[in-house]
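Student: Would you mind keeping the following structure in view while I ask a few things?
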Amino acid sequence: MAHEVEMPEFVRAHEEGHLTVDVREPEEYTAGHVPGARLIPLGTLVQHTASLPKDQPIYVICASGHRSLAGADVLTRAGLDAHSVAGGTLGWMRAGNPVVTGDSPT
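Heads up, the sequence shown is in my numbering, so the first residue is 880 and it goes up one at a time.
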């Protein structure tokens, strides 16, 4: 089972530049995502595990924290250090953090 982190821990990790993977669908991502988050929809995540770093933590985020748990579990089973972000992008915004719109990570 993947590890879940609360928002304050994720905010620190984000500030430190750790990789964030957004497992929502493209239209959700385009509407607003965490700056720098890389879009890999949950249904395609298994196909991308080889392209993700094995030597650093990966923070998996979705809208509210449900899909990210499944995504982090997929990555953990693939041998990656994955953490699901509790509260997801909605929690990120509720905490007063900015989002970026469009298909670019930044």
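Built from N, CA and C at the ideal position, the CB exists for glycine as well. Small disclaimer: the values here were computed from a predicted structure and weren't measured.
(1) Around the C-beta of S963, are 16 or more other C-beta atoms found within 10 angstroms, so that it is buried, or is it exposed?
(2) Pick from E894, R956, A951: whose alpha carbon is nearest that of I940?
(3) Give me the residue from Q926, R917, A957, R903 with the minimum Cα distance to L969.
(4) Just verifying my parser: in three-state terms, what is the DSSP assignment at L948?
(5) If you run the structure through DSSP and keep just helix, strand and coil, what is E894?
(6) Assign A974 to one of two classes, buried (16 or more other C-beta atoms within 10 Å of its C-beta) or exposed (fewer than that).
(7) What does A942 pair with, by DSSP beta-bridge criteria?
(8) Closest to M880 by CA distance: which of V979, G958, M972 is it?
(9) When you compare each of L931, S947, S930 to G922 by their alpha carbons, which one comes out closest?
Tutor: Reading from the atomic positions:
(1) buried
(2) A951
(3) R903
(4) helix
(5) helix
(6) exposed
(7) Partner(s): none; A942 has no beta bridge.
(8) G958
(9) S947
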